[in-house]
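Structure first, then comments.
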Amino acid sequence: MLRVGSSAVCVACSNLVSTNMGVRFRVPLQKLHPLSRAIHHRYSGNNNPHRTPHRTAARYFTSMSRLPMWPLKPPPRSGGHRYQQQRNFWVARLAARLLRLRYILLGTAVGGGYTAKKTYEEWKDMLPDFSEYNWVIPDFVWELSEQIDLDKLAKALPEMEEIAKLLPDFEKIGENFTFLKGLLSSETSGDPALKATDSTTGAAHDASDKQYKKSSDKEKVDQLQEELLRTQLKYQRMLERLEKENKELRKVVLQKDDKGIHQRKAKKSLIDLYSEVLDILSDYDANYNTQDHLPRVVVVGDQSAGKTSVLEMIAQARIFPRGSGEMMTRSPVKVTLSEGPHHVAMFKDSGREFDLTKEADLAALRHEIELRMRKSVKEGQTVSSETISLSVKGPGIQRMVLVDLPGVISTVTTGMASDTKETIFSISKAYMQNPNAIILCIQDGSVDAERSIVTDLVSQMDPQGKRTIFVLTKVDLAEKNLASPSRIQQIVEGKLFPMKALGYFAVVTGKGSPGESIDAIKDYEEDFFQNSRLLRDGMLKAHQVTTKNLSLAVSDCFWKMVRESVEQQADVFKASRFNLETEWKNNYPRLRELDRNELFEKAKNEILDEVISLSQVTPQLWESILQKKLWERVSTHVIENIYLPAAQTIDSGTFNTTVDIKLKQWTDKQLPHKALEVAWETLQEEFARFMAEYKGKDQDDIFDKLKEAVKDESIKRHKWNERAMDSLRVIQHNALEDRSITDKPQWDAAIQFMEETLQSRLKDTNHDQGDMGGPLDGKAELECNDVVLFWRIQRMLVITANTLRQQLTNTEVRRLEKNVKEVLDDFGEDMEKKTQLITGRRVQLAEDLKKVREIQEKLEAFIEALHKEK
Numbered sequence: 083m084l085r086v087g088s089s090a091v092c093v094a095c096s097n098l099v100s101t102n103m104g105v106r107f108r109v110p111l112q113k114l115h116p117l118s119r120a121i122h123h124r125y126s127g128n129n130n131p132h133r134t135p136h137r138t139a140a141r142y143f144t145s146m147s148r149l150p151m152w153p154l155k156p157p158p159r160s161g162g163h164r165y166q167q168q169r170n171f172w173v174a175r176l177a178a179r180l181l182r183l184r185y186i187l188l189g190t191a192v193g194g195g196y197t198a199k200k201t202y203e204e205w206k207d208m209l210p211d212f213s214e215y216n217w218v219i220p221d222f223v224w225e226l227s228e229q230i231d232l233d234k235l236a237k238a239l240p241e242m243e244e245i246a247k248l249l250p251d252f253e254k255i256g257e258n259f260t261f262l263k264g265l266l267s268s269e270t271s272g273d274p275a276l277k278a279t280d281s282t283t284g285a286a287h288d289a290s291d292k293q294y295k296k297s298s299d300k301e302k303v304d305q306l307q308e309e310l311l312r313t314q315l316k317y318q319r320m321l322e323r324l325e326k327e328n329k330e331l332r333k334v335v336l337q338k339d340d341k342g343i344h345q346r347k348a349k350k351s352l353i354d355l356y357s358e359v360l361d362i363l364s365d366y367d368a369n370y371n372t373q374d375h376l377p378r379v380v381v382v383g384d385q386s387a388g389k390t391s392v393l394e395m396i397a398q399a400r401i402f403p404r405g406s407g408e409m410m411t412r413s414p415v416k417v418t419l420s421e422g423p424h425h426v427a428m429f430k431d432s433g434r435e436f437d438l439t440k441e442a443d444l445a446a447l448r449h450e451i452e453l454r455m456r457k458s459v460k461e462g463q464t465v466s467s468e469t470i471s472l473s474v475k476g477p478g479i480q481r482m483v484l485v486d487l488p489g490v491i492s493t494v495t496t497g498m499a500s501d502t503k504e505t506i507f508s509i510s511k512a513y514m515q516n517p518n519a520i521i522l523c524i525q526d527g528s529v530d531a532e533r534s535i536v537t538d539l540v541s542q543m544d545p546q547g548k549r550t551i552f553v554l555t556k557v558d559l560a561e562k563n564l565a566s567p568s569r570i571q572q573i574v575e576g577k578l579f580p581m582k583a584l585g586y587f588a589v590v591t592g593k594g595s596p597g598e599s600i601d602a603i604k605d606y607e608e609d610f611f612q613n614s615r616l617l618r619d620g621m622l623k624a625h626q627v628t629t630k631n632l633s634l635a636v637s638d639c640f641w642k643m644v645r646e647s648v649e650q651q652a653d654v655f656k657a658s659r660f661n662l663e664t665e666w667k668n669n670y671p672r673l674r675e676l677d678r679n680e681l682f683e684k685a686k687n688e689i690l691d692e693v694i695s696l697s698q699v700t701p702q703l704w705e706s707i708l709q710k711k712l713w714e715r716v717s718t719h720v721i722e723n724i725y726l727p728a729a730q731t732i733d734s735g736t737f738n739t740t741v742d743i744k745l746k747q748w749t750d751k752q753l754p755h756k757a758l759e760v761a762w763e764t765l766q767e768e769f770a771r772f773m774a775e776y777k778g779k780d781q782d783d784i785f786d787k788l789k790e791a792v793k794d795e796s797i798k799r800h801k802w803n804e805r806a807m808d809s810l811r812v813i814q815h816n817a818l819e820d821r822s823i824t825d826k827p828q829w830d831a832a833i834q835f836m837e838e839t840l841q842s843r844l845k846d847t848n849h850d851q852g853d854m855g856g857p858l859d860g861k862a863e864l865e866c867n868d869v870v871l872f873w874r875i876q877r878m879l880v881i882t883a884n885t886l887r888q889q890l891t892n893t894e895v896r897r898l899e900k901n902v903k904e905v906l907d908d909f910g911e912d913m914e915k916k917t918q919l920i921t922g923r924r925v926q927l928a929e930d931l932k933k934v935r936e937i938q939e940k941l942e943a944f945i946e947a948l949h950k951e952k
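In case it helps, the numbering used here puts the sequence shown at residues 83 to 952.
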């Protein structure tokens, strides 16, 4: 067997591959022969960017250069005949392989065609024979198909080559994309100067685009935040309303003791009892423009002086919303601190507990406080005097009640209400003028003392400093920035500011980062004071530093003030209660003490009873009232527009024709509307009549304004069922079409109705009796058509009144009752509406008595617990 070497392969390649053609395979690598893949990997790592010659390319990219044969020795230089035999043998083998491939392809094509034909025949046999339904297709379709020459149409159409010329050259498009991709990829290795220029221009465009995009994104974010805030406020109001209703229902359930089941009352702590008293007093003061004198710690200071941070350190949790230089405290926040096993927070009017050890609950609490602040601020204002009540419990927390007030400002900036500065001053003065309030004055140590505003305000409210505690914050920044440390010493000794205080403290409440934890701030504060030159040199005393010492001092001062003043305040409310009870006994001896809510419930029940009385009206009374009112409304039209024009005709046929036409027009356009108007007015009048009758039965006149408002609002909301008009029109049309009078009583009734109507018409109008009596004189000649007409009108009135009565009793009275209930529910949820509609000294006196009794009872329970603790 001959062995062909690599030289023979090269000669074969040179014969098969033309020198003018480069061989280039697009076959994926996985589809190549194993040896071809190996060769491809061998030569694919060529780093030469220039194209190889055609012969070399053929060698590199074809599998002919390494056929699976035994390598032979190179042919001898003088053996040309032997070399020719080897080449011919190689060509023969290659031709045999190609012929064998052709047979395989030919056999596959024939077999595939046969299989496809067989499948087509099977599918064709499965289809039903539609030749039976050829009659469905019109004959002209078959004739049209015979007349149309499809060959001519095919010749008239353009050739596929011409259509292909109109299409874009996808190969050129692909080459252009490839070229563009190459340019983009080669940018990094291009000219440095050009690259720098392009990068500068691109950077400028990118910067402008980025700035525009940033501004537009910021506007979108602001809009979304505002919309989200409005939605949250809306649901917050709904949640508060539901919580209020739940609270009232819970109170009702607890008050019921029908089965003798006594509820076990949970024992409240001393500070919780005191906080409840302050909450009640807060509502009482806001409603009656009074100010209690019970102790509380009032936290005041300039804006961004660190008031909130000090309060958070005392509460040992980051519970307040924060902002860099922005006003975040928009309303007073009363925080009741007490010791407990778990570190939790809870609002006064909510049952949800926030776990202050979890960051998610802390974030939710801050968000809830911000929402409540925004909700309390009225439209057009910046701050509010409405107090937000919050309780915080946790291990190691000192018991006290603190009130965080909005920061005092010197300038009203853009976006604030014009009276913001004065409002903040008035709120601060209202809390500080309480002679038993402890003023916690917060001063920023990192700013000049001359810029302080709050110190002047505190010195006016407490000139002797008997209830003021001064706190200097940001001492670390003060020590770093101030050239003279002795200035800090002058501040804490009370020699620099024009004010006096019980005690002076210096604290550090963090490095200014909102993400710092309380533990990290405590560690930083302790490390600072341990290494501080102020403490080391004796400028500050040990008991004057750290928030822990401050918390202990404030708590001791708070409870000392409470023990000294609480019994005195209890005596004040006891005397007030006696005066109010005496006034009630003298002025209203036979009346129960009902407050505004209780009076509203009483009035609500009475109004609902009056509405139910509408269903007790008899059907005969409804129909009589409706029939009478309807005839009063339509009689003028019937006489002047229907009867008199028809009565002027010559014969009965013309009379009946005229009457039928005018009755049809009247029924289609006016009569149903008039009937529904009469029914609606009748319902209103009966509703008002029943309410007036109730008023006469020893009715309390204190409900008059409320009942009148409920009646007007219910009638305003009530709309008659629109579907009633169509059915009423059909009934009226059928009644007027009937002309058959079946018996003599109907005839006599029609005559009586006609005479009464015409006589009444003659009296109402001052026309001549002869002119109006003309039709009556010709009754015999007109074959009594006049009587038949009035009988038809009378029958229509009876049937219409019956139909309207059914609609009233079956539908409209119930709908009116439903509207009244909805109006009462809406009024019951609106405290301003109740205050506006239920007024008088009697109501005010009952409200005062209820509040004062509740305050006195709470104070007595607190004093009793306070004595037990001693």
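Even for Gly, the Cβ is constructed at its ideal location relative to N, Cα and C.
The C-alpha of G476 lies about 5 Å from the C-alpha of G422. In terms of Cα proximity to M395, the closest of I603, F436 and K582 is I603. When beta bridges are read from the DSSP output, I551 appears opposite L522 and G585. Annotation: L681 to K503 spans about 41 Å, alpha carbon to alpha carbon. Under the three-state reduction of DSSP output, S500 falls in the coil class, being neither helix nor strand.
A distance below 8 Å separates the beta carbons of A427 and L438. When R877, F769, Q888 and N563 are compared, the shortest CA-CA separation from E692 is found for F769.
Rounded to whole angstroms, the separation of the alpha carbons of L363 and E929 is 13 Å. Nearest in C-alpha terms to I689, of all of F655, V644 and D786, is D786. Look at E204 here: in three-state DSSP terms it is helix.
Excluding five sequence positions before and after I694, the CB atoms of its chain that fall closer than 8 Å to its own CB belong to E899, given in chain order. Per DSSP, reduced to three states, the secondary structure at S717 is helical.
Under DSSP, the beta-bridge partners assigned to A427 are F436 and V474.
Bridge partners of G383 according to DSSP: I524. Judged by pairs of C-beta atoms under 8 Å, the region 630-637 touches the region 575-591, as three or more such pairs exist. Between V905 and R805, the CB-CB gap reaches or exceeds 8 Å. In this structure, I521 keeps its C-beta atom at 8 Å or more from the C-beta atom of V490. For L818, the enclosing alpha helix (DSSP H) starts and ends at R805 to E819.
Under a 10 Å Cβ-count criterion, N892 is classified as exposed, with fewer than 16 other Cβ atoms of the shown protein chains found around its own Cβ.
Going by beta carbons, V644 and M514 fall outside the 8 Å limit.
Counting of Cβ neighbours within 10 angstroms places E894 among the buried residues, the total reaching 16 or more. Two segments are said to touch when three or more pairs of C-beta atoms, one from each, lie closer than 8 Å; by this definition the region 432-450 does not touch the region 603-613. Three or more pairs of CB atoms, one per stretch, sit closer than 8 Å, so the region 479-493 contacts the region 377-393. Cβ neighbours of E649 within its own chain (closer than 8 Å, five residues either side excluded): I945.
In this structure, the CA atom of Q314 is about 41 Å from the CA atom of D544. DSSP places T418 within a strand segment (E or B) once states are collapsed to three.
For a cut-off of 8 Å, the C-beta gap from R678 to I920 is around 5 Å, short enough to register as a contact.
Within the same chain, Cβ atoms closer than 6 Å to the Cβ of I707 are found at T764, the five residues on either side in sequence being excluded.
In this structure, S466 places its C-beta atom within 8 Å of the C-beta atom of V459. For L662, the enclosing alpha helix (DSSP H) covers residues T629 to N669. Take the alpha-carbon of T555 and the one of K440: they are about 27 Å apart.
Assigned with DSSP and collapsed to three states, L484 falls in strand.
Annotation for K903: L690 place their beta carbon closer than 8 Å to its own, counting only its chain and skipping 5 residues before and after.
At a Cβ-Cβ threshold of 8 Å, V379 and V483 count as neighbours. Per DSSP, N516 is not a residue of any alpha helix (DSSP H), being assigned neither H nor E. Counted as a single uninterrupted DSSP element, the alpha helix (DSSP H) harbouring K684 occupies residues R678 to I694.
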